[in-house]
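Have a look at the structure below, then the notes.
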Amino acid sequence: MNKTLIQNLKGRNFHVHEAETAAQASQIALALIAERSVGIGGSKTVKQLGLYDALTARGNEVHWHWMADASEKQKERDLAIGCEVYMASANALLEDGRIVEIDGTGNRVAGLLYGPPCVILIVGKQKICSDLDHAIMRIKHDTCPENARRLGMKTPCAATGECHDCRTSARMCNATVIIEYPLRIHKEFHVILVDEELGL
Ligand code: SF4
Numbered sequence: 011m012n013k014t015l016i017q018n019l020k021g022r023n024f025h026v027h028e029a030e031t032a033a034q035a036s037q038i039a040l041a042l043i044a045e046r047s048v049g050i051g052g053s054k055t056v057k058q059l060g061l062y063d064a065l066t067a068r069g070n071e072v073h074w075h076w077m078a079d080a081s082e083k084q085k086e087r088d089l090a091i092g093c094e095v096y097m098a099s100a101n102a103l104l105e106d107g108r109i110v111e112i113d114g115t116g117n118r119v120a121g122l123l124y125g126p127p128c129v130i131l132i133v134g135k136q137k138i139c140s141d142l143d144h145a146i147m148r149i150k151h152d153t154c155p156e157n158a159r160r161l162g163m164k165t166p167c168a169a170t171g172e173c174h175d176c177r178t179s180a181r182m183c184n185a186t187v188i189i190e191y192p193l194r195i196h197k198e199f200h201v202i203l204v205d206e207e208l209g210l
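For reference, each letter of the sequence shown is one residue, going 11 to 210 in my numbering.
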């Protein structure tokens, strides 16, 4: 684990949890959530961990637009933001402890900034970046093109694997948010660091 990152996250008042494996990260998240309702932002990491199924199986109220029919997605996004816990991943973690998120629709960054009072981010080790330039490059080259392909979005990056700073209706990088410290609305802001590559 990156000790500098951990120290810097703690210095910014984020609660840090270390997991050697994805399975351990799931157990930590489930324990933190307990019986509370959960909204989930778009996250391949959360999907990979099977947390939606684990939560619904044990009876938590869960709202995740990825699991809803097209006609219900917006309603699920809205309900997610009204839950007791919001769970997602980060697009990047900077070594100085700042969290970087790039969003297309806005529900994920809304949930992280002015949504539930408890936030849980689960972050695989490939998302740790030395600085902001590195983070933006990683997101635009590694995350967005793959996400665009997965979602069938006709962005230039889906075709070439490179960012063209596009001006299309399909653009996925519409807001870049840097979280420097938990917001005043947050009672708990957890970051679960996983010593495996997870998500995009
Ligand atoms: S700005 Fe457009 S081309 Fe660049 S990564 Fe985002 S969606 Fe892809």
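All residues carry an ideal CB built from backbone N, CA and C; glycine is no exception.
Here the alpha carbons of Ile112 and Thr165 stand approximately 15 Å from one another. The beta carbon of Arg46 lies closer than 6 Å to those of Glu94, Val95 in the same chain, with the five residues before and after it left out. Contact between the stretch 123–133 and the stretch 141–160 is not established, with fewer than three Cβ pairs separated by less than 8 Å. Judged by their CB atoms, Leu19 and Val201 are nearer to each other than the 9 Å cut-off. Distances from the CB of Pro166 to the heavy atoms of the ligand SF4 include at least one below 8 Å. Taking C-beta atoms as the reference points, Leu104 and Leu142 count as a pair closer than 9 Å. In terms of Cβ geometry, Gly121 and Leu208 do not form a close pair [threshold 9 Å]. For Asp175, the shortest C-beta to heavy atom distance toward the ligand SF4 is below 8 Å. Contact check between the stretch 41–55 and the stretch 64–76: three or more CB pairs, one atom from each, fall below 8 Å, which counts as touching. Residue nearest to Ser99 within the set Ile16, Ser53, Asp205 is Ser53 (criterion: CA-CA distance). Looking at the backbone, the Cα of Asp175 and that of Ile109 are separated by about 22 Å.
Taking C-beta atoms under 8 Å as the contact rule, Arg148 and Gly51 fail to qualify, at a distance of about 19 Å. Per DSSP, the continuous beta strand (DSSP E) segment holding Leu203 begins and ends at 198–204. Our two residues, Arg87 and Ala64, have alpha carbons roughly 20 Å apart in a direct line.
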